[in-house]
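So the structure is just underneath, and the comments pick up after that.
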Amino acid sequence: MKDHIDTPAIAMETDALRLVWADGAEGVFPYLWLRDNCPSAFHPETQERIADILQVPETPMPVAAVIDGDSLRIDWAGDGHVSRFPLDWLFAYRPGSASHDTAAYNPVVWTGEIGADAIPRYSASDFDDPATFAAWIEDTARYGISIVSDVPGVSGAGADLARRIGFLRETNFGVTFEVMNKPNPNNIAYTAHALPLHTDLPNQELTPGYQFLHCLANEAEGGGSVFADGYALAASLRDTDPEAFDLLARTAIPFRFHDGECDIRSKHPVIVLDHDGNVSSLNWSIHLGAPFDMPAAQMIPYYRAYRAFAKLTQDPAFQVTLRLRGGDMAVFDNRRILHGRAAFDPSTGFRHLQGYYVDRGEFDSMRRVIARG
Ligand code: OGA
Ligand code: ZN
Numbered sequence: 056m057k058d059h060i061d062t063p064a065i066a067m068e069t070d071a072l073r074l075v076w077a078d079g080a081e082g083v084f085p086y087l088w089l090r091d092n093c094p095s096a097f098h099p100e101t102q103e104r105i106a107d108i109l110q111v112p113e114t115p116m117p118v119a120a121v122i123d124g125d126s127l128r129i130d131w132a133g134d135g136h137v138s139r140f141p142l143d144w145l146f147a148y149r150p151g152s153a154s155h156d157t158a159a160y161n162p163v164v165w166t167g168e169i170g171a172d173a174i175p176r177y178s179a180s181d182f183d184d185p186a187t188f189a190a191w192i193e194d195t196a197r198y199g200i201s202i203v204s205d206v207p208g209v210s211g212a213g214a215d216l217a218r219r220i221g222f223l224r225e226t227n228f229g230v231t232f233e234v235m236n237k238p239n240p241n242n243i244a245y246t247a248h249a250l251p252l253h254t255d256l257p258n259q260e261l262t263p264g265y266q267f268l269h270c271l272a273n274e275a276e277g278g279g280s281v282f283a284d285g286y287a288l289a290a291s292l293r294d295t296d297p298e299a300f301d302l303l304a305r306t307a308i309p310f311r312f313h314d315g316e317c318d319i320r321s322k323h324p325v326i327v328l329d330h331d332g333n334v335s336s337l338n339w340s341i342h343l344g345a346p347f348d349m350p351a352a353q354m355i356p357y358y359r360a361y362r363a364f365a366k367l368t369q370d371p372a373f374q375v376t377l378r379l380r381g382g383d384m385a386v387f388d389n390r391r392i393l394h395g396r397a398a399f400d401p402s403t404g405f406r407h408l409q410g411y412y413v414d415r416g417e418f419d420s421m422r423r424v425i426a427r428g
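Following the working numbering, the numbering of the sequence shown begins with 56 at its first residue and continues without gaps.
Listed below in structure tokens is the structure:
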């Protein structure tokens with residue numbers, strides 16, 4: 056964030072205070088917002104708000120607003136309350152600006168042109184250096200993916216790294232899950248079949264955030280990895296077929312996983328938009344897709360849109376392929392990056408990945424903690 060140490064000019068308007076900094080940056084702070092966020096409204100130790108909004112006058116008016124050192128002092132009419140706001144806090148929290156969130160980032164949206172070598176790569180042996188560890192997390196957020204090599208080839212070694220970022224998200228598959236060809240599989244990931252590009256577990260009410268896949272062995276023929284940036288797929292659809300994009304963003308479709316122990320279902324749109332209309336998540340899993348349940352009249356237009364997106368997911372122009380080796384760990388935003396693997400032949404060698412998730416909230420929390428310095 057830019058350091059705003061200069062003193063802003065103050066204008067008291069009808070229902071808001073306007074601050075204008077020397078470089079032209081402006082903030083408009085409604086009086087009610089200022090009272091609601093008066094530092095005295097917060098517990099001094101926990102920093103949680105303890106004031107009751109209904110105890111704040113609905114139309115508070117200042118009698119005076121002056122700069123006092125590196126603070127703004129406001130004297131309020133009526134109850135005589137005095138508020139003091141640090142100026143840099145006011146700058147960071149200018150209404151309408153997200154600059155106070157150190158976890159905000161501009162994604163690097165990529166297609167297959169980037170090539171596997173441009174996917175950020177780190178060595179786990181460098182993570183004792185806090186700056187390298189921080190750079191890894193930032194790159195993983197921006198590109199949505201990174202590959203970490205030199206993760207010790209023992210079960211749990213990657214999970215220990217993931218835990219340095221945040222709590223592991225437990226699912227019906229466990230705190231960690233073992234991706235290998237298993238007898239009596241309950242999931243095609245646990246077979247030797249190919250997995251077309253997908254996001255994991257859209258059948259969950261909250262789709263898991265960052266996924267970690269630690270490769271312990273990849274000795275079988277086949278089993279290569281493929282990734283695509285869902286943000287690029289969605290942007291392409293938005294450009295070329297806005298109707299399809301809208302349908303995929305507006306229609307929640309059902310996903311389901313069930314086995315002997317569970318029956319976990321949820322509905323999500325394929326393309327999830329945030330409140331500003333930007334793509335924030337993708338839900339794409341052919342194998343966990345339950346029968347569409349929208350009214351029959353909407354089915355055919357929906358299928359058209361769904362197939363248009365399916366076609367993009369199968370277009371090699373968007374894909375990066377690479378081969379995980381024992382000791383590599385792929386880390387990616389499961390709600391952004393689609394991932395898959397080629398079929399493998401288990402008679403030719405052993406293949407074993409260990410996986411876990413750290414939700415986006417935990418991941419971003421660590422990024423904010425690191426940004427505190
Ligand atoms: C999975 C998965 C990838 C792989 O288990 O969901 O996508 O390479 N595995 O086996
Ligand atoms: Zn998967």
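Quick reminder that beta carbons are idealized off the backbone N, C-alpha and C, glycines included.
- The Cβ atoms of Phe-312 and Leu-343 lie closer than 8 angstroms to each other.
- Shortest Cα-Cα distance from Ala-244 to any of Asp-388, Phe-373, Ser-340 involves Ser-340.
- Secondary structure at Trp-131: strand, using DSSP grouped into helix, strand and coil.
- With three or more CB-CB distances shorter than 8 angstroms, the region 291-308 counts as touching the region 350-357.
- In this structure, the beta-carbon distance from Pro-251 to Asn-389 does not fall below 8 angstroms.
- Per DSSP, the beta-bridge partners of Met-67 are Leu-72.
- Here the region 209-223 makes contact with the region 403-420; the two share three or more CB pairs at distances below 8 angstroms.
- By DSSP's assignment, Lys-237 forms no beta bridge with any residue.
- If you draw a straight line from the Cα of Arg-176 to the Cα of Ala-196, it comes to about 13 angstroms.
- Put simply, of Pro-240, Gly-213, Pro-238 the residue whose alpha carbon is nearest the alpha carbon of Val-230 is Gly-213.
- Within a 10 Å sphere around the beta-carbon of Gln-369 sit fewer than 16 other beta-carbons, which makes this residue exposed.
- Assignment of beta strand (DSSP E) within the region 153-235, counting only whole runs of 3 or more residues, yields 176-178, 200-204, 232-234 in chain order.
- Taking 8 angstroms as the cut-off, the beta carbon of Val-164 is found no closer than this to the beta carbon of Asp-318.
- Scanning its chain for C-beta atoms nearer than 7 angstroms, with the 5 sequence neighbours on each side dropped, one finds around Met-67 the residues Pro-117, Ala-120, in chain order.
- Taking a cut-off of 8 angstroms on C-beta distances, the region 135-149 touches the region 87-96, as three or more cross pairs fall below it.
- If the five residues before and after Arg-73 are omitted, its C-beta is found closer than 6 angstroms to the C-beta atoms of Ala-66, Val-83, all from its own chain and listed in chain order.
- If you check the CB distance, Leu-292 and Leu-393 do not come in under 8 angstroms.
- As far as DSSP is concerned, Cys-93 takes part in no beta bridge.
- In the same chain as His-248, and ignoring 5 residues on each side of it, the C-beta atoms closer than 8 angstroms to its own belong to Ala-398, in chain order.
- Arg-396 sits buried, since 16 or more C-beta atoms from the chains shown fall within 10 Å of its C-beta.
- A Cβ-Cβ distance of about 11 angstroms is found for the pair Ala-289 and Phe-373, leaving them out of contact under the 8 angstroms criterion.
- Between Phe-418 and Val-234, the alpha-carbon positions lie close to 23 angstroms from each other.
- The beta carbon of His-98 sits closer than 6 angstroms to those of Ile-105, all from its chain and outside the five residues before and after it, given in chain order.
- Assignment of beta-bridge partners to Arg-320 by DSSP yields Arg-311.
- Contact between the region 253-272 and the region 198-213 is established, with three or more Cβ pairs separated by less than 8 angstroms.
- In the DSSP secondary-structure assignment, Met-384 is bridged to Val-203, His-269.
- Following the DSSP letters along the chain, one finds Gln-353 inside the alpha helix (DSSP H) bounded by residues 351-368.
- Between Arg-90 and Val-111 the beta-carbon gap is near 5 angstroms, inside 8 angstroms, which marks them as a contact.
- For Ile-425, the enclosing alpha helix (DSSP H) begins and ends at 415-427.
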